[in-house]
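Only one structure is covered here, and it is reproduced in the block below.
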Amino acid sequence: MAQGSSHGSSLKRSWLRCGLTDLTFFFARPGCNVVAPLVMLLYSNANFTRIILSRWGSIFWQYDQIVRSLFIAVATGVLQHLIFIDSPFAPKIPDKYALHAVGVLLGFACVFRTNLSWARYWEAVTHLHFMYSKWGDAFSQIHAFATVTMARALAKGTEEGDKKAMRLTETLDQILRNFTLMSAIAANRLTHGDVSRVERRAQLFRCHDFIVKRSNLTGEDITDAGKLPVFSENLSSGAGRHKSTTTEVPEANNWSSDKYIVKEMPLCIEMDILKSSSDRPSLVMYWIIHDLADISLDLDIAPPIQSRIYQELSNGMLALKQAEKVADVPFPFPCAQLMSVLITCYSCFIPVFVAVFTQSYVGPVIAFVLFQGTWGINQSAAELENPFGSNVNDITLVDFHDRFLDLCTEVRVGHRVKTKAVVLERELTKSENLKNVNNTDGPLPVKLGV
């Protein structure tokens with residue numbers, strides 16, 4: 362009984378915590394550090410109440426959205442009262458065909474925009490996963506080929522074999538540095554696409570003309586989109602930042618203060634080249650290809666098989682360019698303008714039609730829900746149109762970069778384990794051969810180190 366009572370009390374405390382969390386999510390301001398998620402919002406459909414009350418990532422509970430909806434509801438209530446008192450100012454509409462026609466047109470436009478927006482969002486996610494998958498494959502293949510070559514070179518026990526292993530080790534360190542740098546720069550490039558740059562102009566210069574031609578973005582960069590991100594030389598051989606064993610959490614996409622962990626800071630001359638480059642990911646990939654070409658003769662792998670590495674690198678870069686397409690090309694302006702005109706006109710007539718055809722004080726509630734639904738669908742579609750923005754529902758690229766760092770770290774650990782096993786085996790063979798020399802008067806039956 363005591364155990365059952367304890368279990369029931371635990372359930373009550375758990376329920377209370379969930380309820381308090383729901384209220385905290387509702388009343389706390391977006392941007393507050395108490396419970397604000399710093400990365401892309403994930404949720405479970407199991408808790409229906411929490412989904413309804415959560416303000417994080419919500420369109421329904423935004424302050425400006427609530428104010429607009431309340432204004433529509435109040436206007437509906439006023440018109441409804443005028444109708445009830447037979448005021449000469451009360452609206453009179455004999456037929457509701459006009460509302461139905463506009464509603465059908467607006468519904469079709471909302472569905473059209475939502476479908477296109479979700480297609481853009483999902484295309485961005487697909488290309489992003491494909492990019493990191495291909496770069497991860499290339500990184501793994503490089504280390505696998507180098508590990509096999511180093512094992513064979515070290516097994517020979519010769520000076521030339523040791524030098525080859527040393528050359529490969531130094532090149533692998535350089536490749537790890539450049540892979541982490543390429544990932545960081547690629548993620549930063551997507552967060553600073555042309556669509557995000559125009560949104561940034563709207564935030565910084567509200568009186569500025571932020572409906573511009575693409576040629577206007579090629580001149581002076583007033584949004585600092587061309588600045589290099591902040592690099593943190595904090596990649597260790599242990600758990601990465603994304604793993605649950607660490608307390609540091611990646612932040613959401615930030616325009617000017619994104620911090621990316623890399624293996625090693627670029628050299629001063631490399632930083633200067635990167636600052637002046639217009640295609641930084643391709644430049645860093647060139648450095649990687651240069652390193653691969655430098656060790657191609659050292660690898661004990663057939664050249665046709667080595668070419669697979671270059672193919673995977675190319676596929677990853679192709680996926681990046683496809684993701685840049687989403688980051689740079691906005692939703693068609695005529696469609697966005699038409700949607701804005703339709704939803705504005707429809708919203709203006711909601712109080713009139715609801716008041717005339719409901720003939721009830723429930724009309725303001727209906728008008729509130731109708732406006733919230735229509736406007737909310739349009740706003741949700743508008744938010745999905747830029748998947749690499751800074752909203753909580755957007756794709757957090759720093760998180761993808763951290764996952765890639767974890768993969769690189771784990772591959773390096775596997776590489777060191779394999780190499781260490783070969784070195785230990787060689788040392789064991791040497792010790793056994795030396796023991797045979799001490800215990801045998803005749804010549805050594807086998808060559809030392811083999």
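Note that the working numbering has the sequence shown beginning at 362, numbered continuously upward. Built from N, CA and C at the ideal position, the CB exists for glycine as well.
- Pairwise C-beta distances place the stretch 455-472 in contact with the stretch 703-710, as three or more of them are shorter than 8 angstroms.
- Pairwise C-beta distances place the stretch 409-428 out of contact with the stretch 761-775, as fewer than three of them are shorter than 8 angstroms.
- Pairing Ser643 with Met678, the inter-Cα distance amounts to about 8 angstroms.
- Take Ala512, set aside five residues on each side of it, and the residues of its chain with a beta-carbon closer than 8 angstroms to its own are Lys779, Thr780, Val783, in chain order.
- Counting the other Cβ atoms within 10 Å of the Cβ of Glu685 gives 16 or more, which makes it buried.
- Annotated three-state conformation of Glu746 is coil, per DSSP.
- Tyr621 places its beta carbon less than 8 angstroms from that of His762.
- Runs of the beta strand (DSSP E) lying entirely within the stretch 648-708, each at least 3 residues long, are absent.
- Val591 is bridged by DSSP to Lys620.
- In this structure, Asn676 sits near Lys495, with a CB-CB distance shorter than 8 angstroms.
- For Met492, the secondary structure class from DSSP, reduced to helix, strand or coil, is helix.
- Between the stretch 638-654 and the stretch 552-559, the count of Cβ pairs shorter than 8 angstroms is below three; the stretches do not touch.
- DSSP places Tyr424 inside the alpha helix (DSSP H), whose first and last residues are 424-445.
- Look at Gln720 here: in three-state DSSP terms it is coil, with no helix or strand label.
- Boundaries of the alpha helix (DSSP H) around Met632: 629-637.
- Remark: C-beta atoms of Leu660 and Ala514 do not approach each other more closely than 8 angstroms.
- In the three-state reduction of the DSSP assignment, Ile503 falls in the helix class, which pools H, G and I.
- Residue state for Val573 is assigned as coil, using DSSP reduced to three classes.
- Within the model, the alpha-carbon separation for Phe718 versus Leu703 is close to 21 angstroms.
- In terms of CA proximity to Ser501, Glu771 leads the group Glu771, His490, Ile413.
- When Phe694, Lys588, Ala526, Ser544 are compared, the shortest CA-CA separation from Ile649 is found for Ser544.
- A Cβ-Cβ distance of about 19 angstroms is found for the pair Gly464 and Pro725, leaving them out of contact under the 8 angstroms criterion.
- Cβ-Cβ separation between Ile656 and Leu529: approximately 6 angstroms, consistent with a contact (criterion under 8 angstroms).
- A Cβ-Cβ separation of about 5 angstroms places Lys624 in contact with Thr541 under the 8 angstroms criterion.
- Ranked by Cα distance from Tyr482, the first of Val713, Phe692, Phe714, Asp582 is Phe692.
- In the structure shown, the three-state DSSP call for Trp417 is coil.
- Counting only residues of its own chain and dropping the five nearest sequence neighbours on each side, Met492 has a CB closer than 6 angstroms to the CB of Gly677, Ala680, Leu681.
- Rounded to whole angstroms, the separation of the alpha carbons of Val690 and Leu489 is 16 angstroms.
- A direct Cα-to-Cα measurement between Ala470 and Trp479 gives close to 14 angstroms.
- In this structure, the CA atom of Leu403 is about 16 angstroms from the CA atom of Val759.
- Only exposed fits Ile666, as fewer than 16 other CB atoms lie within 10 angstroms of its CB.
- Separation of Ser415 and Pro449 (C-alpha to C-alpha, rounded to the nearest whole angstrom) is 44 angstroms.
- The alpha carbon of Gln740 has as its nearest neighbour, out of Thr579, Gly418, Phe409, Ala407, the alpha carbon of Gly418.
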